[in-house]
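This report concerns only the one structure given below.
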Amino acid sequence: AAEELEEKLEISQRWKPGTKEWEEGAELHREEEYLEALDRLESLVVSRIFELARQGQAGTGYKLRQHISKALTTRQQAIKAALEHYNDLASEFKPTRPTFDAQEIMECAYMGEFDILRLSRRGILNKPWTKPAV
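Position in the sequence shown (from 1) plus 169 gives the number in my numbering.
Quick look at the structure:
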C-alpha cells in the first residue's frame, strides 16, 4: 500500500534518519505531541476549576459535594500525570518551553487564573479581534 502511494505521488526517495526532511518531520511530530499534552493539561485544569466552583456553589447538597470531592481527588492525580508528561516534552525543546510544578498548577486552578489561551495551538491571542478597540 505504501509503495503504491509513493508511485502515485511520484516519490522517488524515502526520507532517512539524518536527512533534512526527516528532521523537519520529527520536529513537527514533537511539536504536535507537545501541543496535545498542553491541551490535555489545560482541559484537566479547566475541569478542576469548574468542579471547584460547583462544590462551593450554594444549593449543592452533601452527597453531591462528596461526589465532587472524590472527583477532585481523581482529577488531581490525572493533572499530576499530565503535568509530568507535559514537562518532559517541554524540556526537549531548544530553547526549552516553560515548565510548571504541581503546586503552581494547583494554585492556578484554585484561583481560577489558568490562562488557557497563552500557549494555544492556534495562537489565538495574536488575532486582531483580541486587541482592544481604540
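Where is the CB? At the ideal position from N, CA and C, for every residue including glycine.
Range of the contiguous alpha helix (DSSP H) that encloses residue i
i	result
Trp191	189-225
Ala251	231-259
Glu175	171-177
CB of residue i within 8 Å of CB of residue j, strictly
i	j	result
Ile237	Gln224	yes
Leu233	Glu220	no
Glu176	Trp184	no
Residue from the options whose Cα sits closest to the Cα of residue i
i	options	result
Glu211	Trp191, Arg266, Ala251	Ala251
Glu261	Ala170, Arg183, Glu196, Leu178	Glu196
Lys249	Val214, Arg234, Ala227, Gly230	Val214
Thr265	Gly187, Ile180, Tyr203, Pro186	Tyr203
Ser216	Met275, Ile180, Lys296	Met275
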